[in-house]
Amino acid sequence: MKILVVDDSRVMRQIVIRTLRQAGFGGHDIVEAEHGLEGLSVVRAESPDLVLSDWNMPEMTGIEFLDALRAGGSTVPFGFVTSEGSEDMRARATASGALFLIAKPFTPEAFEEVLSAVLVR
Amino acid sequence: MIAVEEPSLDDVYAVVEEVWTTFLGSDEPILPAFEPQPGPIEGWTAAVTVTGAWEAMVLVTLGDRLSRTMTGRMLGIADDESSSEDLTDALGELVNVIGGNVKSLMAGPSTLSLPLVAQGAISTTSHLEEACRVDLTWSGDPLRVTVCVPRAEGEHR
């Protein structure tokens, strides 16, 4: 399977990829994007099986990215990995079609709990 | 109406401790400073602003050595292998996550800005005042987290 990791921070993309590996999902192909706009291009070009996206990014935010994907007909499974886990943001994410929201800081156990339902190891 | 509230010192410390332990993967905890440095910490400052139901600026200040150690740990590389770009990226992400978690403790909805990172100090605007300061130490190096909120009405300078 192929996972798209979208975050404007290279450091955070590295941490997300490392945590995927620590959670037992290291065997999947990883593609990366720096913001939602680039993410849209990568989804079209790479057809990932899952998108893990930050929320707060320049150019195009994560929620705008998700809304653009759904408006364009994409049904790719989508989850947020973001520093903000407030109830109103979780509700907004769910309303736009996100499967989950993992709040930073996260542990491999948090990834495992959420992603086991979406990914095979 | 904008709520003028501030997080407790314990809340801010708990947020920083969790972020630090998780991202650095270190067995050595970050601890409250027994004797906080009285003046400014020379080095780097990273800041995010929160606007909306809760308004604030959250700043993280730390020295050059700790910045490089933290960046190396976050990237999983040696301290001297990280570039300046890596350092500003890591500091921005640190304050982003600390600010986002502090924001989640306060009344919402509010919006978090993109982080700003500078070598030296970042000045707050005059309508803000320091509401909460947590001085911490890790491996002998200081780290300071400051939360500034709008002055109460009639206190603008």
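Chains as they are written, first to last, in my numbering: chain A, 197 to 317; chain B, 360 to 516. The C-beta atom is built at its ideal place from N, Cα and C for all residues, glycine as well.
Between the beta-carbon of residue i and the beta-carbon of residue j, is there less than 8 Å?
i	j	result
B:Val419	B:Ile389	no
A:Glu308	A:Gly223	no
A:Val277	A:Ser243	no
A:Val316	A:Ile298	no
A:Thr303	B:Thr381	yes
A:Met256	B:Glu452	no
A:His231	A:Asp263	no
B:Val371	B:Ala406	no
B:Gly467	B:Gly411	yes
B:Leu475	B:Val508	no
B:Pro366	B:Val461	yes
B:Glu364	B:Met465	yes
B:Ala539	B:Thr428	The structure shown does not extend to residue 539 of chain B, since chain B is modelled only from 360 through 516, so no value can be given for it.
A:Val239	A:Lys198	no
B:Val378	B:Val506	no
Grab the span of the alpha helix (DSSP H) containing residue i for me, first residue to last.
i	result
A:Phe221	Run containing A:Phe221: none; DSSP gives neither H nor E here.
B:Glu489	Taken as a continuous stretch (DSSP letters only), B:Glu489 belongs to no alpha helix (DSSP H), being part of the beta strand (DSSP E) at 487-497.
A:Pro304	304-311
B:Ile327	Past the boundaries of the shown model lies residue 327 of chain B; chain B is included only from 360 to 516, so the question cannot be answered.
B:Trp379	368-383
B:Asp500	First-last for B:Asp500: 500-509, but that is the beta strand (DSSP E), not the alpha helix (DSSP H).
Could you give the distance in angstroms between the alpha-carbon of residue i and the alpha-carbon of residue j?
i	j	result
A:Arg286	A:Gly258	13 Å
A:Val314	B:Thr404	39 Å
B:Arg424	A:Arg217	29 Å
A:Leu246	A:Arg206	19 Å
A:Ser270	A:Leu200	14 Å
B:Ser482	B:Glu444	22 Å
B:Phe393	B:Val493	11 Å
A:Trp251	B:Leu471	10 Å
B:Leu495	B:Pro399	13 Å
B:Ser485	B:Pro501	26 Å
B:Ile517	A:Gln210	The structure shown does not extend to residue 517 of chain B, since chain B spans only 360 to 516, so no value can be given for it.
Hey, quick one: how far does the beta strand (DSSP E) through residue i stretch, first residue to last?
i	result
A:Ala299	296-299
B:Met429	Run containing B:Met429: none in the beta strand (DSSP E); it sits in the alpha helix (DSSP H), 423-434.
B:Thr483	Neither: B:Thr483 is in no beta strand (DSSP E) and is coded neither H nor E.
B:Trp403	403-411
A:Ile199	198-202
B:Leu471	469-471
Of the choices the options, whose alpha-carbon is the least far from that of residue i?
i	options	result
B:Gly422	B:Val508, B:Ala477, B:Ser469, B:Glu401	B:Glu401
B:Val374	A:Ala294, A:Val310, A:Glu280, A:Glu305	A:Glu280
A:Phe254	B:Leu473, B:Asp386, B:Thr428	Correcting the residue identity first, residue 254 of chain A is Pro in this sequence and not Phe. Answer by Cα proximity: B:Leu473.
B:Arg503	B:Pro391, B:Gly384, B:Glu512, B:Ser441	B:Pro391
A:Glu237	A:Ala289, A:Ser292, A:Val202	The question names Glu, yet the displayed sequence has Ser at residue 237 of chain A. A:Ser237 has its Cα closest to that of A:Val202, out of A:Ala289, A:Ser292, A:Val202.
A:Gly235	A:Ile226, A:Phe261, A:Ser282	A:Phe261
A:Gly293	A:Asp284, A:Ala229, A:Phe274, A:Ser282	A:Phe274
A:Ile213	B:Trp413, B:Ser463, B:Leu434	B:Leu434
B:Ala415	B:Gly459, B:Asp500, B:Gly499	B:Gly459
B:Trp413	A:Lys300, A:Gly268, A:Ser282, A:Phe296	A:Ser282
B:Ser385	B:Arg432, B:Ser426, B:Ala511	B:Arg432
TODO: Could you pull out every unbroken beta strand (DSSP E) segment of at least 3 residues lying fully inside the segment 233-285 of chain A, listed in chain order?
DONE: 246-249, 274-278
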